[in-house]
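Residue numbering for the sequence shown follows the numbering used here, beginning at 572 and increasing consecutively. For glycine and all other residues, C-beta sits at the position ideal for the given N, C-alpha and C. Note that this is a predicted model, so its numbers are computed, not measured. Note sheet for the following structure.
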Amino acid sequence: MKILITGAFGQLGTALTEALINKYSNNSVVATDLHIRDTFDCETLELDATNLEALDEVVRTHQITQIYHLAAVLSAKGELEPLKTWDLNNSTFFNVLEAARLNDVRKVFFPSSIAVFGADARNQITSNDFPLNPTTVYGISKVAGEQWANYYNIKYGMDVRCLRYPGLISYQSFPGGGTTDYAVDIFHKAIKGEDFECYLRKDTQLPMLYMDDAIDATIRLMDAPKKAITRVGYNIQGMSFSPEMIAEEIRKNIPKLTVVYNPDNRQKIAESWPVALDDTPARMDWGWEPEYDLKRMTEEMLYRLDQKKRTNAFMHA
Ligand code: SER
572 MKILITGAFG
582 QLGTALTEAL
592 INKYSNNSVV
602 ATDLHIRDTF
612 DCETLELDAT
622 NLEALDEVVR
632 THQITQIYHL
642 AAVLSAKGEL
652 EPLKTWDLNN
662 STFFNVLEAA
672 RLNDVRKVFF
682 PSSIAVFGAD
692 ARNQITSNDF
702 PLNPTTVYGI
712 SKVAGEQWAN
722 YYNIKYGMDV
732 RCLRYPGLIS
742 YQSFPGGGTT
752 DYAVDIFHKA
762 IKGEDFECYL
772 RKDTQLPMLY
782 MDDAIDATIR
792 LMDAPKKAIT
802 RVGYNIQGMS
812 FSPEMIAEEI
822 RKNIPKLTVV
832 YNPDNRQKIA
842 ESWPVALDDT
852 PARMDWGWEP
862 EYDLKRMTEE
872 MLYRLDQKKR
882 TNAFMHA
């Protein structure tokens with residue numbers, strides 16, 4: 572087992588790289604990103620995934636057997652430069668698929684998203700097979716990614732698997748450029764005792780997932796026997812809440828949290844996504860079962876961020 576991760580210093584990458592090192596070993600993981608921002612207890616390389624030659628060389632020389640391709644531009648940032656985003660999200664995944672095919676890497680993980688759905692999915696618990704009508708360039712690139720994954724599976728007998736993540740909530744690192752980022756930012760402001768300015772309306776519900784559950788889902792999906800896999804992309808649901816609901820939950824611990832609502836262009840993106848997903852196939856096929864609801868996730872986030880704050884204060888004292 573030798574795993575290559577792209578986008579290892581992103582929000583998902585930071586937590587997933589640690590989890591894979593713990594599950595396998597530090598010799599089994601090669602973490603890569605465009606820029607090295609921190610350290611992992613495994614080989615860590617600067618790698619531009621838009622460069623097929625460079626990617627191919629890393630896969631070949633490290634005798635990689637699995638790739639987790641996490642590098643991408645997210646929804647809100649993607650709308651600022653649609654063509655560049657399409658180009659980056661797609662060229663990097665093509666390069667990963669090609670590097671995998673050329674080096675006989677069978678198993679590849681591609682993070683898909685709730686953004687594969689469109690506004691027609693908003694007012695229902697969206698089933699796995701609901702029509703995919705994305706309205707953002709990020710969503711279009713995720714739908715295309717799922718389709719290309721399917722193509723490589725059929726044409727080349729590869730085993731590319733995709734999870735449709737909801738908004739991810741974690742204490743380890745910040746998300747960047749997404750529409751669901753507010754649900755992480757609000758915790759940092761609350762812990763610092765600052766007011767929070769929210770770019771979504773207070774009643775806009777979206778599906779969200781705590782990072783520990785996201786990691787568990789990813790590892791379960793990739794560990795599942797091939798015969799259990801019935802589709803290329805799986806919905807997973809953790810919890811659904813609005814800014815008002817999460818603020819209320821945080822106030823149970825930090826009563827003085829003040830939130831000002833000032834919706835911007837991200838409101839439109841949020842309204843084009845489902846409120847909640849039906850994840851029955853993930854539950855049936857590989858035993859998906861989330862552990863965190865809004866209450867437990869909020870307690871855990873506040874506890875972890877408070878610990879981080881104390882450690883930092885201690886280190887800088
Ligand atoms: N968290 C992502 C975003 O907001 C959705 O997959 O763009």
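Limits of the unbroken beta strand (DSSP E) element including residue i
i	result
residue 680	678-684
residue 831	830-832
residue 740	738-740
Residue i, DSSP secondary structure in three states
i	result
residue 729	coil
residue 808	coil
residue 618	coil
residue 757	helix
residue 862	coil
residue 767	strand
residue 848	strand
residue 706	coil
residue 840	helix
residue 696	strand
residue 749	coil
residue 644	coil
residue 869	helix
residue 718	helix
residue 581	coil
residue 605	coil
residue 827	coil
residue 774	coil
residue 712	helix
residue 612	coil
residue 835	coil
residue 743	coil
Unbroken alpha helix (DSSP H) run spanning residue i, endpoints
i	result
residue 624	623-632
residue 661	653-673
residue 800	Note, residue 800: premise wrong, no alpha helix (DSSP H); not H, not E.
Cross-strand partners of residue i (DSSP beta bridge)
i	result
residue 687	According to DSSP, which records beta bridges pairwise, residue 687 is partnered with nothing at all.
residue 595	Per DSSP, none; premise fails for residue 595.
residue 779	738, 810
residue 639	576, 680
residue 600	574
Cβ-heavy atom distance, residue i to the ligand MG, below 8 Å
i	result
residue 746	This structure simply doesn't include the ligand MG; it includes the ligand SER instead.
9 Å Cβ cutoff, residue i in contact with chain B
i	result
residue 859	Protein chains in the displayed structure number just one, and chain B is not present.
Take every Cβ of the region 810-818, pair it with every Cβ of the region 854-866, and state whether three or more of those distances are shorter than 8 Å.
-> yes
Taking one C-beta from the region 744-753 and one from the region 721-731 each time, how about it: are there three or more such pairs within less than 8 Å?
-> no
Can at least three beta-carbon pairs, one atom from the region 587-602 and one from the region 654-663, be found at a separation below 8 Å?
-> With the cut-off at 8 Å, the region 587-602 and the region 654-663 do not touch.
Answer yes if the region 600-612 comes into contact with the region 791-809, meaning at least three C-beta pairs across the two stretches below 8 Å, and no otherwise.
-> no
Segment contact, 8 Å Cβ cut-off, at least three pairs: the region 775-782 with the region 670-679 | no
Does the region 625-640 touch the region 763-773, meaning 3 or more C-beta pairs lie closer than 8 Å?
-> no
Any 3 or more C-beta pairs closer than 8 Å across the region 681-692 and the region 835-848 | yes
Do the region 703-720 and the region 784-794 touch if we need at least three Cβ pairs shorter than 8 Å?
-> no
Is the region 830-839 in contact with the region 873-886, if contact means three or more CB pairs nearer than 8 Å?
-> no
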